[in-house]
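Here is the structure we will look at.
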Amino acid sequence: MNERGWDGWFTDGMKMELKEGGRIFFRWVRKTFGEEVTDEGVIHRLEPPHLIEFSWNSYEDGYRSRVKMEFFPSSYNGTWVHVEDHTIVFTEEDMKIKLECAVGWGEMLTLAKVWIEYGISTLENP
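See the structure below:
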């Protein structure tokens, strides 16, 4: 886990306070065709290097999504990653956001794998 987040392969200026109750700040520019997109969240559980659980995706007086990421050693000298994303869904627009997040997590994990294993970033100017 890295306080600078996932900037090598997914974000632009992400920051995390790596402690329970710590803040997370998400920022994208390269993946959003130059448009700055930001969000924030809070860490609920942190057990490095095995678990991080956080809320994000600002929504009225709280957060729309709670994410749990667990990391397990594999028998192939690698790591399994299990991601759960529980998102509030009241409307059709909420469902669209939930589905976009599901695709986003798959993309993030794929890009992380390529970055970690091969040092390759698909983003310009990583």
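Counted from 1, the sequence shown has number 75 at position 72 by my numbering; the numbering is strictly sequential.
Just so it is clear, CB atoms sit at the ideal spot from N, CA and C, and this is done for glycine as well.
Here the structure is a predicted model, which is why all the values come from computation and not from measurement.
Do residue i and residue j have their CB atoms nearer than 8 Å?
i: residue 8; j: residue 18; result: yes
i: residue 57; j: residue 43; result: no
i: residue 12; j: residue 114; result: yes
i: residue 27; j: residue 45; result: yes
i: residue 70; j: residue 83; result: no
Decide if residue i is buried, meaning its Cβ has at least 16 other Cβ atoms within 10 Å, or exposed.
i: residue 14; result: buried
i: residue 119; result: exposed
i: residue 66; result: buried
i: residue 86; result: exposed
i: residue 123; result: exposed
i: residue 80; result: exposed
i: residue 68; result: buried
Whose CA, out of the options, lies closest to the CA of residue i?
i: residue 91; options: 45, 24, 63; result: 63
i: residue 108; options: 99, 124, 88, 31; result: 88
i: residue 111; options: 44, 34, 97; result: 34
i: residue 55; options: 36, 20, 127; result: 20
i: residue 75; options: 105, 126, 50, 25; result: 50
Taking the alpha helix (DSSP H) that residue i belongs to, which residues open and close that run?
i: residue 113; result: 95-121
Between which two residues does the beta strand (DSSP E) holding residue i run?
i: residue 60; result: 54-62
i: residue 25; result: First-last for residue 25: undefined, no H or E at that position.
i: residue 41; result: 40-50
i: residue 72; result: 65-76
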